[in-house]
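If you count by the working numbering, then the sequence shown holds residues 216 to 459, one letter each, in order.
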Amino acid sequence: MRTASTVALLVVVAALVGCDGGSRADLDEIKKGQKDLLAKLDNVEKVVQQMKAAPAAPARPQVDPNKVYNIPLTDAQVKGPKDAKVTIVEFSDFQCPFCKQATPLVDDALKAYPKDVNLVFKQFPLTSIHPYALPAAKAAVAAGKQGKFWQMHDIMFENNTQLTQDKLKEYAGKIGLDVARWEKDVASPEVQAQIDRESQEARAADVTGTPTIFVGGKRLQNRSPDGFKQAIEEAMKAKEGGRG
Numbered sequence: 216m217r218t219a220s221t222v223a224l225l226v227v228v229a230a231l232v233g234c235d236g237g238s239r240a241d242l243d244e245i246k247k248g249q250k251d252l253l254a255k256l257d258n259v260e261k262v263v264q265q266m267k268a269a270p271a272a273p274a275r276p277q278v279d280p281n282k283v284y285n286i287p288l289t290d291a292q293v294k295g296p297k298d299a300k301v302t303i304v305e306f307s308d309f310q311c312p313f314c315k316q317a318t319p320l321v322d323d324a325l326k327a328y329p330k331d332v333n334l335v336f337k338q339f340p341l342t343s344i345h346p347y348a349l350p351a352a353k354a355a356v357a358a359g360k361q362g363k364f365w366q367m368h369d370i371m372f373e374n375n376t377q378l379t380q381d382k383l384k385e386y387a388g389k390i391g392l393d394v395a396r397w398e399k400d401v402a403s404p405e406v407q408a409q410i411d412r413e414s415q416e417a418r419a420a421d422v423t424g425t426p427t428i429f430v431g432g433k434r435l436q437n438r439s440p441d442g443f444k445q446a447i448e449e450a451m452k453a454k455e456g457g458r459g
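Structure representation (structure tokens):
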């Protein structure tokens, strides 16, 4: 339905030209323009109606900031003491620029609590927007089979805009892997199964993007040095309280 004000405006314009003694050619030109404008309005109205009929995008689930998630830690890559009081779990994507930015923050938190905090790194490649995320995840898991997960982790984040297969192979050689064995592991169902398992664990913990970090089972809300410190201190108190 065209708006009444638009139609009325077109009628008034035509009337004014007539009253002003404009030529027949002028009037024909205005009528042609009027016809074109009305056609464009019809198209706009069709688009609006289509937008109204389209289903609304699903709202992001509301996450309870105080909820403690029980995230499996078996078969995971761990940095820091095995018997740490507090575990940081990071779901990450090697092609994600925000994950790269988070890496030094996590490392600083580990340095600040060398005996009390460790890091568990889990794969959550966002394949719909990062075409190299899955190959990079496979590269890291395969490197872990030779005890060099963290070396591959570091070199890929340092170069996370260059994660083609040729580059990944180059990094594997640079960190001292048996490249032939690494390539075989990269292509193995076992490596893919681990990535699938960790991605499922992410979804079970209401993870929708990267990086998503948990401290003592709670989702980190403030991704900053102060935010890490506060979350770690609260997790340590909770652990001590649980023992009491």
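The beta carbon of each residue, even a glycine, is placed where N, CA and C say it ideally should be. Every value quoted in this text rests on a predicted model; they were computed, and no experiment measured them.
{"Query": "What residue does the alpha helix (DSSP H) around L383 start on, and which one ends it?", "Result": "380-389"}
{"Query": "For V406, name the three-state secondary structure that DSSP assigns.", "Result": "helix"}
{"Query": "Could you pull out every unbroken beta strand (DSSP E) segment of at least 3 residues lying fully inside the stretch 396-453, listed in chain order?", "Result": "427-430"}
{"Query": "Using 10 angstroms around the beta-carbon of P426, count the other beta-carbons present and answer buried if the total reaches 16, otherwise exposed.", "Result": "buried"}
{"Query": "Are there 16 or more other CB atoms within 10 angstroms of the CB of L334, so buried, or fewer, so exposed?", "Result": "buried"}
{"Query": "Check the C-beta distance from A351 over to Q310 and give it rounded, since I have them as a contact under 8 Å.", "Result": "6 Å"}
{"Query": "By a C-beta neighbour count over all protein chains shown, 10 Å radius and 16 as the cutoff for buried, is K297 buried or exposed?", "Result": "exposed"}
{"Query": "Rounded to whole angstroms, what is the Cα-Cα separation between K452 and I303?", "Result": "15 Å"}
{"Query": "Comparing alpha-carbon positions, which option in G456, V430, K444, D441 lies nearest N281?", "Result": "V430"}
{"Query": "Say whether the stretch 287-294 touches the stretch 312-320, bearing in mind that this needs 3 or more beta-carbon pairs closer than 8 Å, one atom from each stretch.", "Result": "no"}
{"Query": "Taking the Cβ atom as the reference point for each residue, do K337 and A291 lie within a distance shorter than 8 Å?", "Result": "yes"}
{"Query": "Could you tell me how far apart the beta carbons of Q366 and I390 are, in whole angstroms, since I believe they sit closer than 8 Å?", "Result": "4 Å"}
{"Query": "Could you pull out every residue in the same chain whose Cβ sits closer than 7 Å to the Cβ of L392, ignoring the five residues on either side in sequence?", "Result": "A358, Q361, K363"}
{"Query": "The alpha helix (DSSP H) spanning V278 covers which residue range?", "Result": "Run containing V278: none; DSSP gives neither H nor E here."}
{"Query": "Name the two residues that bound the continuous beta strand (DSSP E) containing V334.", "Result": "Position check: residue 334 holds Leu in this sequence, whereas Val was assumed. Here the beta strand (DSSP E) through L334 covers 332-338."}
{"Query": "From this set, A387, Q380, A420, D381, which residue's C-alpha is nearest D369's C-alpha?", "Result": "A387"}
{"Query": "Please report the Cβ distance between V301 and I447, rounded to the nearest whole angstrom; I am assuming they are in contact, meaning their Cβ atoms lie under 8 Å.", "Result": "6 Å"}
{"Query": "Going by DSSP in three states, K353 sits in which element: helix, strand or coil?", "Result": "helix"}
{"Query": "Could you give the first and the last residue of the continuous beta strand (DSSP E) run that contains K294?", "Result": "292-294"}
{"Query": "By Cβ distance, which residues of its chain are closer than 7 Å to H461, with the 5 residues on each side in sequence left out?", "Result": "Limits of the chain in this structure are 216 at one end and 459 at the other, which puts residue 461 out of reach."}
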